[in-house]
Amino acid sequence: VFVDFYTDWCGPCYNMAKTVFPLYETGEFFNSHFVNAKIDAEKGEGVELARRYNVRSYPTYLFIDPNTEEAVHRSSGWQEPETFIWTAQSALAPQLRSTTLLSRYEAGDRDREFLISYIRYNSSVYKREPVQQAFKQLIDGGASLTEPEIWDLYDQCISGNFSWTRYVSDNHDLLCRHIGKEKVDAKLARETRFATPQQMQQLCEFDGKRFNVAWTEASALHTAKEYEKAAAAIDAIIADTTFNRQEIVERLGYIARQGMYGAPTDFWFDKCVEYLRFIAYNNTDRDDARIHYDY
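Per my numbering, the sequence shown starts with residue 3, numbered consecutively.
See the structure below:
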């Protein structure tokens with residue numbers, strides 16, 4: 003039995019119900035393998051059931067053995083459709099269930115394939131510390147980022163760790179030969195979106211570095227309320243045809259909306275309207291009504 007524990011006020015719960023549950027591939031897999039239930043954890047029998055199964059965050063997904071009424075697999079949070087189906091597949095494989103993974107790790111199991119499964123599970127439920135710890139143990143056990151399987155695990159599950167980013171930078175040529183420059187540079191670009199100038203100086207040259215540096219400088223000027231200098235920096239970024247337009251759109255949205263609703267000067271208000279127009283005309287997601295509403 004699959005149970006989705008939700009609440010009326012939970013944004014990720016609503017988003018999953020709206021964007022992931024209705025997908026054909028999701029329904030096909032879940033309806034073929036489970037009896038499915040949605041239970042409001044704050045109403046009716048849901049209150050007692052949430053207490054019984056120790057549900058403390060939302061959404062929580064439980065896979066329950068109807069014979070024993072025990073939860074054999076537990077997951078949580080907003081998930082990409084592919085991750086959500088992987089979560090369900092794990093519930094069907096005893097060796098991949100959360101109960102098994104957690105007990106094996108506590109017992110000291112550090113087998114390579116087990117650690118990979120353990121890392122993927124903890125990443126799917128946003129448990130960053132166990133992911134980081136287990137990944138280090140995997141590398142210490144002989145795994146290498148030059149292996150495609152280990153690189154993909156790093157790419158998908160490890161983020162926000164500048165030590166690993168610096169390691170990738172220090173071994174850039176080697177990793178590019180084994181993994182490919184496009185993948186390596188894309189990971190470095192994602193990991194340095196909010197890096198400080200001091201951190202960026204420690205890294206090699208890679209595709210996306212120049213844009214991240216330019217945007218960090220523009221953002222710092224905006225934060226310092228030096229609006230004319232910020233506008234000049236942003237305008238220079240927009241004028242640079244080597245930068246990805248969609249990347250500019252995604253970074254610019256927050257600043258432009260913030261300025262629209264609380265611009266301290268007429269100059270900055272006018273610039274933010276100009277930026278909202280740029281976003282409306284250049285965003286590749288034509289279905290996002292908010293963009294056009296703002297403009």
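The beta-carbon is built from N, C-alpha and C at its ideal position, and this holds for glycine as well.
Query: For Ala39, which beta-bridge partners are listed by DSSP?; Result: Val5
Query: DSSP three-state call for Arg76: helix, strand or coil?; Result: strand
Query: Taking a contact to mean a Cβ-Cβ separation below 8 Å, would you say Glu184 touches Ile87 in this structure?; Result: no
Query: Would the beta-carbon of Ser119 fall within 8 Å of that of Leu103?; Result: yes
Query: Going by beta carbon distance, what residues of the same chain come within less than 7 Å of Leu51, once the five residues before and after it are set aside?; Result: Ile41
Query: Closest to Phe196 by C-alpha separation, out of Pro61, Ile239, Trp217, would be which residue?; Result: Trp217
Query: Which residues does DSSP list as the beta-bridge partners of Ile66?; Result: Ala73
Query: Any C-beta of chain E sitting closer than 8 Å to the C-beta of Ser77?; Result: Although the question refers to chain E, the structure presented lacks it and comprises just one protein chain.
Query: How big is the Cα-Cα spacing for Ile236 and Ile250?; Result: 9 Å
Query: According to DSSP, is Ala90 part of a helix, a strand, or is it coil?; Result: helix
Query: If you draw a straight line from the C-alpha of Ala43 to the C-alpha of Trp80, how long is it?; Result: 17 Å
Query: Touch check for the segment 107-118 and the segment 142-149: three-plus C-beta pairs under 8 Å?; Result: yes
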